[in-house]
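**Q** The structure follows.
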Amino acid sequence: MKNNHVEKSYGVALSEKQLKFLVHCIDVAQESLSIKPDKEEMDLIRRISRKHDELQDQKYDSMMN
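Just so you know, the sequence shown maps onto residues 1 to 65 in our numbering.
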């Protein structure tokens, strides 16, 4: 019997506060070595981190102006 498992994809909108919390949770989990993400999960972590960095840069830029 062939396994026809299809991954569902969910679009999720996060507020800035939720994004910061998620980044913090990922950092804590990685530091404690309680997660071992696979390639797809690492891609998600990179994308979340990149967006967090963009928001931090925007906040810094607005403070400097």
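From the three backbone atoms N, C-alpha and C, an ideal C-beta is built for every residue, glycine too.
Just so you know, these numbers come straight off a predicted model, no measurement behind them.
Residues in the same chain with beta-carbon distance under 8 Å from L22, minus the five sequence neighbours each way, listed in chain order, please.
**A** Once the five neighbours on either side are set aside, the close Cβ partners of L22 are L14, I48.
**Q** Apart from the five residues on each side of it in sequence, which residues of its chain come closer than 7 Å, Cβ to Cβ, to R50?
**A** Closer than 7 Å at Cβ, skipping near neighbours: no residue.
**Q** Pull up the distance between the alpha-carbon of M1 and that of E7, whole angstroms please.
**A** Below a pLDDT of 50, predicted positions are generally treated as unreliable, and M1, at 49, falls in that range; no measurement from the model is reported.
**Q** R47: beta carbon under 7 Å from a heavy atom of the ligand PLP?
**A** This structure lacks the ligand PLP; in fact it carries no ligand of any kind.
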